[in-house]
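S.K.:
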Amino acid sequence: MTSLHPATALVRNGTVAGDPFGATSPPLYQTSTFTQDRCDAFGEFDYTRTDNPTRRAVESLLAGLEGASGALCYTSGMAAIAGVLRLAASGERVLCGRDLYGGTQRFLHGHLDGVAVEHVDLGTDESGRCPDLERALGAAPVKLVFVETPSNPRLVVSDLRAISRAAHAHGALVVVDATAMTPWLMRPLDLGADIVLHSATKGLSGHGDVTAGVVLTRDTATLATLGRNRNAEGTALAPFESWLLARGLRTLGVRLDAAQRGALRIARALEVEGLAERVLYPGLESHPQWQLHARQSTGPGVLISLELPTPGAAAQLVERTRLFSTAVSFGGVSSSISVPHFMSHASVPHGAAPRPSDRLVRLSIGLEDPADLLDDLEQAAAGPPDLEATRPSDGWSILSAKKPFPLRLT
Ligand SMILES: *Cc1c(COP(=O)(O)O)cnc(C)c1O
44 MTSLHPATAL VRNGTVAGDP FGATSPPLYQ TSTFTQDRCD AFGEFDYTRT DNPTRRAVES
104 LLAGLEGASG ALCYTSGMAA IAGVLRLAAS GERVLCGRDL YGGTQRFLHG HLDGVAVEHV
164 DLGTDESGRC PDLERALGAA PVKLVFVETP SNPRLVVSDL RAISRAAHAH GALVVVDATA
224 MTPWLMRPLD LGADIVLHSA TKGLSGHGDV TAGVVLTRDT ATLATLGRNR NAEGTALAPF
284 ESWLLARGLR TLGVRLDAAQ RGALRIARAL EVEGLAERVL YPGLESHPQW QLHARQSTGP
344 GVLISLELPT PGAAAQLVER TRLFSTAVSF GGVSSSISVP HFMSHASVPH GAAPRPSDRL
404 VRLSIGLEDP ADLLDDLEQA AAGPPDLEAT RPSDGWSILS AKKPFPLRLT
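Residue numbers (my numbering): 44 to 453.
#1: When burial is assigned at 16 or more other CB atoms within 10 Å of the CB, is Asn56 buried or exposed?
#2: Could you tell me whether the Cβ atoms of Arg178 and Asp142 are closer together than 8 Å?
#3: Suppose only complete runs of 3+ residues qualify. What are the beta strand (DSSP E) ranges in the stretch 227-263, listed by chain order?
#4: Can you tell me whether Asp175 sits near ligand 1, meaning its C-beta is under 7 Å from at least one heavy atom of the ligand?
#5: Which residues share a DSSP beta bridge with Val322?
#6: Could you say if the stretch 400-411 and the stretch 161-169 meet the contact criterion of at least three C-beta pairs nearer than 8 Å?
#7: By Cβ distance below 6 Å, which residues in the same chain neighbour Leu47 in space, the five residues on each side in sequence not counted?
#8: Between the beta-carbon of Gly126 and the beta-carbon of Thr278, is there less than 8 Å?
#9: Between the C-alpha atoms of Met224 and Arg81, what's the straight-line distance to the nearest angstrom?
#10: Do you know how far the Cα of Val218 is from the Cα of Ala122?
#11: If you draw a straight line from the C-alpha of Ala432 to the C-alpha of Val376, how long is it?
#12: Skipping 5 residues on each side, what residues in its chain have a beta carbon closer than 7 Å to that of Leu31?
#13: Any heavy atom of ligand 1 closer than 7 Å to the CB of Met121?
#14: Taking its Cβ as the centre, do 16 or more other Cβ atoms sit within 10 Å of Ala50, making it buried, or is it exposed?
#15: Which one or two residues does DSSP pair with Asp220 in a beta bridge?
#16: Report the rounded CA-to-CA distance for Gln73 versus Ala423, giving the unit in angstroms.
#17: Which whole-angstrom value is the C-beta distance of Gln303 and Met229, which I expect to be below 8 Å?
#18: Quick check on DSSP: helix, strand or coil for Arg293?
#19: Would you kindly report the start and end of the unbroken alpha helix (DSSP H) that includes His211?
#20: On the DSSP bridge assignment, give the partners of Glu161 in chain order.
#21: Take Ile238 as the anchor and find which of Pro70, Val257, Gly251 and Trp227 has the nearest alpha-carbon.
#22: Answer yes or no: do Ser248 and Leu187 have a C-beta to C-beta separation smaller than 8 Å?
#23: Between Leu234 and the rest of its own chain, which residues show a CB-CB distance below 7 Å, the 5 nearest in sequence each way excluded?
#24: Run the CB neighbour count on Pro63, radius 10 Å, all protein chains shown included, and call it buried at 16 or more, exposed below.
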């Protein structure tokens, strides 16, 4: 069955092929080894580092959703990213955008010996071409172009069709980190990308209870190389984590649709209220690339970034919210708030692209009632902006100041 709607595939697939009991949800094969009939021949499975029925089931579900020929699940998004970036050998060049997840930048600049990493402007001009990227591609051979769209945390949208055309004309592979979208909202392989990857820690698993990553492609040779490396290095996702991911995936569509509805309502309200200097959300007509985003996805997602007038105002908003958890990560059922400058992007090394401003606040909208979330943001933004004056100047922590939330169920 190749043509199932994703909504159907999410709940009907993911069971383990050949399961003798007809389990209606994926069984957990919590085992490291599988017995062999003979000493000189392996069965279908022999060792979980290499392959495991629970992991294989979730991989096949993800490959179907993404329109890939195969998928490889890793212990984390970073393990997936490391696996892909290591396709670039010493002496080769990698191009990437200017706004990228902090851990990706740390890896690019500190863990790829001998690989030249250049940040370029991936934007398009009036003719729909990517002038800066094309200049860099023309200067010397490039192994791969690494793109995040919408990027984390500035939510810059890049034209995946235009980037793929330019990269392919120069023999470079296009890798898309589509964590902020998931295949429910965007399928980069259909837009020309060669490899798509996700931190499944975020929206794919969606419950904040697992760290995982996945790489997907239609290129069977690349998939085989990545699979060999993953087996040799031992970075495959464990059975229990695979099972948690499969469980989270069953509600991917309904979760994202509902959270996204809330995010759009909150983004619109925040824009009207003027609580922030700028509201960045690819679902707002004020977003410079909202039309491009609409052409290459089916929704704006659950991330909203706010530019506050001062670092103090940003800290105040984060610290005084009570429903939003102050936490890195996003895409979970409960909403979170962060200042990426100090949190998810604290690891951006010198020499990489500039760190996001300390006035930028990132919201991840979950499944709470949007009116409750808005009330919470409003009460947090009200109050005297006194934090700047009282804050110690050296490395203050926004992680410890949160007041406990007095839970009253109505
Ligand atoms: C979180 C994140 C990663 C890293 O994933 P982990 O699962 O934390 O290793 C990579 N890319 C993006 C866009 C992310 O948000």
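Here a beta-carbon is modelled for each residue, glycine too, at the ideal position from N, C-alpha and C.
M.R.: On the basis of the coordinates in this document:
#1: Flag for Asn56 reads buried.
#2: no
#3: 238-242 and 256-260
#4: no
#5: Leu349
#6: no
#7: If we look at Leu47 and ignore the five residues flanking it on each side, it has no Cβ neighbours.
#8: yes
#9: Met224 and Arg81 have their alpha carbons spaced roughly 46 Å apart.
#10: 15 Å
#11: No answer about Ala432 holds up, because its pLDDT of 43 lies below 50 and its placement is not dependable.
#12: A query on residue 31 cannot be resolved here, the shown segment of the chain reaching from 44 to 453 and no further.
#13: Yes, the Cβ of Met121 comes within 7 Å of a heavy atom of ligand 1.
#14: Ala50 is classed as exposed because its beta carbon has fewer than 16 other beta carbons within 10 Å across all chains shown.
#15: Answer is Glu191 and Leu240.
#16: 45 Å
#17: Between Met229 and Gln303 the Cβ distance is about 12 Å, and since that is not below 8 Å, they are no contact.
#18: coil
#19: Leu203 to Ala212
#20: Leu138
#21: Val257
#22: no
#23: Leu203, Arg204, Ser207 and Gln339
#24: Flag for Pro63 reads exposed.
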